[in-house]
Ligand SMILES: [Zn+2]
């Protein structure tokens, strides 16, 4: 499914505004503890400006997150504000700070990916209360090597060490 939309109605017409409300399938977006599932919705407006077109509004993505504390996964909406310039300057480079206008179209895909990635929490905590109220967290903690024999491996499994360090840190911070 395309993430391109036409901007013909506002291109080269500074001040012209057109509402936009679209639902787009993005390229796969996966982060360490989160994954975008389903289409991303953009509600806002396209506005013609001298340099090209400004897209402003809010993007809503359904994101499957893993709780950084207890690893429970859940799909939650993530809302990101967007306000980006798409430049009609043919000399605009991909690594510039603006997105390009191609003919009379813009591709919203990269802009939405960038906005959603920024809006997803790096360490999502989905538990409602403090750690001691989360049975999954307590279960995880009970399974840390403190109470487990590590004789077979000759030491602590480094994965558990990293996780229990993370959990202790979160315990301290909450
Ligand atoms: Zn949790």
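Residue numbers (the numbering used here): 43 to 216.
Glycine included, every Cβ here is placed at the ideal spot set by N, Cα and C.
- Taking 8 angstroms as the cut-off, the Cβ atoms of residue 93 and residue 130 count as close.
- Assigned with DSSP and collapsed to three states, residue 163 falls in coil, not helix or strand.
- Ligand 1 approaches residue 178 closely enough that one of its heavy atoms is under 7 angstroms from the residue's Cβ.
- Considering only 102, 149, 79, 163, the residue with the shortest C-alpha distance to residue 109 is 163.
- When the Cα atoms are used, residue 46 and residue 171 turn out to be separated by approximately 42 angstroms.
- In the three-state DSSP reduction, residue 181 falls in the helix class (H, G or I).
- Between residue 80 and the set 143, 87, 68, 91, the nearest pair of CA atoms involves 68.
- Inter-segment contact for the region 143 to 150 and the region 164 to 184 is absent: fewer than three beta-carbon pairs are separated by less than 8 angstroms.
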